[in-house]
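Down below is the structure, laid out as structure tokens.
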Amino acid sequence: MFVLSSSFARVLALAGMSLAFLLPASAADASAPLRTHASAKGKFIGAALATGPLSNETSYRNIAATEFSQVTAENAMKWDATEPNQGQFNFSGADAIVNFATQNNQQVHGHTLVWHNQTPNWVQGLGASAMRTAMQNHISQVVGRYANNATVVSWDVVNEIFDDNGNWRTSFWYNTLGQSFVADAFRAARAADPNARLCINDYNVEGINSKSTAMYNLVSNLRRDGVPVDCVGFQGHLAIQYGFPNDLQQNLQRFADLGVQVRITELDIRMQMPRNATKDATQATYYRNVVNACLAVTACAGVTIWGFTDKHSWVPDTFQGEGAALIYDENYQAKPAYNAVHDALAGGTTTDPTPPTTPGTPAASNVTSNSAALTWAASTDSGGSGLAGYNVYREQGATDTLLGQSTTNSTTLTGLSPNTQYQVYVRARDGAGNLSANSPLATFSTLSGPGGGACSATGTVQTQWSTGYVVQPVTVTNTGTSAITGWTVTFTLPAGHTLAGSWNADVTVSGQTVTAKNAGYNGSLAPNASTTFGFQVSRPNGNTQTPSGYTCA
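Residue numbering for the sequence shown is -27 to -1, 1 to 526, as defined by mature numbering (1 follows the signal peptide of the UniProt record, and there is no 0).
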């Protein structure tokens, strides 16, 4: 028998390892708890815990202790719980979570330090200098309390700072402090605990979209500037009626390639009630897909489910007519979703070797110089994992190109070259990753169009105050019919206005003329594609002018 120091145990936890790795290896028991199988894969499996049922319900406490290797406080570590009045801290709930995790050899992920919700009114009414000081002091006190505790290994430093379009959320943090609050928060957290893993967290960023791309660009810029962003959290609040984000794994990997750890932080998969066997099967497929995506990305540390029993889920109170989002029902009985998570972590104890049937021949319509709509007869799946969607390919001999993906039996291809013949086919995929045979080929030719690349730029004033304003987004769009590899936007600042900061572009100023050139990661744009950048300006008190004359080349 041997004893590990708490500091060494914490190093292992930060690396995404559990103490089980130090024990002799043995074959995993097919009926073992989730945490046993996750540990064998080098991942954690976590749950958000509430202090009420943790104290009062034996079934809740037993499942939480047995099945999960990581826990997140659902509410007990948020600002309204820990510092309801300025300078008056209450750690009773947070300590209860940490003590429970310590007793059960679990990691704790701290959630959350800086958020626009569940923050007391006294914070929201502060001026800029006082608000920044209050934020830094709050982080110092909360993170510092657990800095020497081997159980608490990571924190959500900032949470939900973008809107669904990928613009900065106009929260009281942003309106008072501008973008600088994010870097300030991370630096304060690093000072409070040099060894904790520091994360940024958001929802609707699971797939590749404008919001996740805004997050990607921000994390890239922050790390370039030396801000200690260690990991990115993808919440995973999904719903079966909206389809599965089939580029989840690809999205996780592109963030991992920035050098950060990635993790699924708040997974639940809701359905429109009432619950039935068909909906349960779809939900189980979604849970399996999420776990498999994390398993496929080395830098994905694990998956945290936002609760575990429908009895205490936040979903019914938030989404009218929806619920049953978790892996145990209201009576603490395991659902098909539990089995899906278990089997994915166990390496597929129950497998689906049967691919979907072959899709029908695609039919092309609405063909332009750079796009085409496709439809085809749907596939079916009998293997048990469910039909997950379709991949659309261009026939090019030995190196066929994936042109797009869809969760339905139709899609619109964009970014095509003008006056070009395309031969395309479709393959169906199921929840286990099996692909069907190729559909028959469809052939179509894009129309001729004006050659060359062209671009446009439009700026939107997101917020303004008496002595300044923020323009976000400035949207740059490729209006030509061929791809461009770079762009330059110019515009004029009114007299007396000075640039205070910018992001997602390399900006220079000559007099009142501002020149913004693409960064290294957002210069390439396919036809009709767009990207964004933004900037902040200081102006004389009372002057209400804003920039004009945006041009793009």
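All C-beta atoms in this analysis are idealised placements derived from N, C-alpha and C, irrespective of residue type, glycine included.
Cβ neighbour criterion (16 or more within 10 Å) applied to residue i
{"i": "residue 517", "result": "exposed"}
{"i": "residue 95", "result": "exposed"}
{"i": "residue 510", "result": "buried"}
{"i": "residue 434", "result": "exposed"}
{"i": "residue 512", "result": "buried"}
{"i": "residue 403", "result": "buried"}
{"i": "residue 91", "result": "exposed"}
{"i": "residue 215", "result": "exposed"}
{"i": "residue 523", "result": "buried"}
{"i": "residue 339", "result": "exposed"}
{"i": "residue 303", "result": "exposed"}
{"i": "residue 323", "result": "Residue confidence is low: residue 323 scores 46 on pLDDT, short of 50, so the model does not pin down where it sits. Its coordinate-derived value is still stated next. Classification of residue 323: exposed, given that the 10 Å Cβ count is below 16."}
{"i": "residue 375", "result": "exposed"}
{"i": "residue 198", "result": "exposed"}
{"i": "residue 266", "result": "buried"}
{"i": "residue 241", "result": "buried"}
{"i": "residue 137", "result": "exposed"}
{"i": "residue 482", "result": "exposed"}
Candidates the options: closest to residue i by CA position
{"i": "residue 499", "options": "470, 449 and 441", "result": "449"}
{"i": "residue 140", "options": "104, 110 and 183", "result": "183"}
{"i": "residue 14", "options": "341, 319, 457 and 509", "result": "319"}
{"i": "residue 268", "options": "236, 63, 293 and 288", "result": "236"}
{"i": "residue 130", "options": "165, 97 and 85", "result": "85"}
{"i": "residue 24", "options": "11, 45, 17 and 12", "result": "45"}
{"i": "residue 432", "options": "10, 525, 100 and 185", "result": "525"}
{"i": "residue 270", "options": "150, 227, 326 and 178", "result": "227"}
{"i": "residue 7", "options": "457, 32, 36 and 117", "result": "36"}
{"i": "residue 126", "options": "153, 149, 514 and 42", "result": "42"}
{"i": "residue 19", "options": "155, 239 and 99", "result": "239"}
{"i": "residue 159", "options": "178, 87, 223 and 103", "result": "87"}
{"i": "residue 157", "options": "107, 142 and 178", "result": "107"}
{"i": "residue 412", "options": "472, 349 and 452", "result": "349"}
{"i": "residue 12", "options": "379, 317, 103 and 386", "result": "317"}
{"i": "residue 192", "options": "169, 208, 230 and 209", "result": "230"}
Reduced DSSP secondary structure (H/G/I, E/B, other) of residue i
{"i": "residue 515", "result": "coil"}
{"i": "residue 68", "result": "helix"}
{"i": "residue 508", "result": "strand"}
{"i": "residue -17", "result": "A caution first: residue -17 carries a pLDDT of 44, below 50, which makes its placement in the model too unreliable to give a value."}
{"i": "residue 157", "result": "helix"}
{"i": "residue 186", "result": "helix"}
{"i": "residue 210", "result": "strand"}
{"i": "residue 8", "result": "helix"}
{"i": "residue 288", "result": "helix"}
{"i": "residue 60", "result": "coil"}
{"i": "residue 400", "result": "strand"}
{"i": "residue 529", "result": "The structure shown does not extend to residue 529, since the chain is modelled only from -27 to 526, so the question has no answer here."}
{"i": "residue 429", "result": "strand"}
{"i": "residue 193", "result": "helix"}
{"i": "residue 162", "result": "helix"}
{"i": "residue -7", "result": "Summary for residue -7: the model assigns pLDDT 30, below 50, so the residue's position carries little reliability; its value from the coordinates is reported in the next sentence. If DSSP states are grouped into helix, strand and coil, residue -7 belongs with the helices."}
{"i": "residue 27", "result": "helix"}
{"i": "residue 341", "result": "coil"}
{"i": "residue 73", "result": "helix"}
Start-to-end residues for the alpha helix (DSSP H) that takes in residue i
{"i": "residue 34", "result": "31 to 40"}
{"i": "residue 109", "result": "101 to 118"}
{"i": "residue 145", "result": "145 to 150"}
{"i": "residue 554", "result": "Nothing about residue 554 can be read from this structure; the chain reaches only from -27 to 526."}
{"i": "residue 55", "result": "52 to 55"}
{"i": "residue 491", "result": "From DSSP, residue 491 is part of no alpha helix (DSSP H) but of the beta strand (DSSP E) over 486 to 491."}
{"i": "residue 310", "result": "309 to 318"}
{"i": "residue 97", "result": "94 to 97"}
Residue span of the beta strand (DSSP E) that contains residue i, given as start and end
{"i": "residue 245", "result": "234 to 245"}
{"i": "residue 171", "result": "170 to 175"}
{"i": "residue 227", "result": "Taken as a continuous stretch (DSSP letters only), residue 227 belongs to no beta strand (DSSP E), being part of the alpha helix (DSSP H) at 221 to 229."}
{"i": "residue 362", "result": "360 to 367"}
{"i": "residue 129", "result": "125 to 132"}
{"i": "residue 417", "result": "415 to 418"}
{"i": "residue 499", "result": "No beta strand (DSSP E) contains residue 499, which DSSP labels as neither H nor E."}
{"i": "residue 374", "result": "374 to 379"}
{"i": "residue 594", "result": "The structure shown has nothing for residue 594, since the chain only spans -27 to 526."}
{"i": "residue 80", "result": "80 to 83"}
C-beta neighbour in chain C for residue i, strict 9 Å
{"i": "residue 207", "result": "Absent from the structure is chain C; it holds one protein chain and no more."}
Give a yes or no on contact between the segment 380 to 391 and the segment 476 to 495, applying the rule of three or more CB pairs nearer than 8 Å.
No, the segment 380 to 391 is not in contact with the segment 476 to 495.
Do the segment 170 to 184 and the segment 465 to 479 make contact, defined as three or more Cβ pairs closer than 8 Å?
Short answer: they don't touch.
Given 8 Å, three or more beta-carbon pairs between the segment 360 to 377 and the segment 210 to 219:
With a cut-off of 8 Å, the segment 210 to 219 and the segment 360 to 377 count as touching, because enough Cβ pairs lie within range.
Could you tell me whether the segment 289 to 307 touches the segment 244 to 260, where touching means 3 or more Cβ pairs closer than 8 Å?
Contact holds: three or more Cβ-Cβ distances are below 8 Å.
Would the segment 197 to 213 count as touching the segment 105 to 118 if we require 3 or more Cβ pairs under 8 Å?
Between the segment 197 to 213 and the segment 105 to 118, the count of C-beta pairs closer than 8 Å stays below three; the two stretches do not touch.
Using 8 Å as the threshold, is the segment 267 to 285 in touch with the segment 322 to 341, meaning 3 or more CB pairs across them?
Cβ pair count under 8 Å is below three, so no.
For the segment 18 to 33 against the segment 70 to 89, do three or more pairs of beta-carbon atoms, one drawn from each stretch, fall closer than 8 Å, so that the two count as touching?
Output reads yes: the segment 70 to 89 touches the segment 18 to 33.
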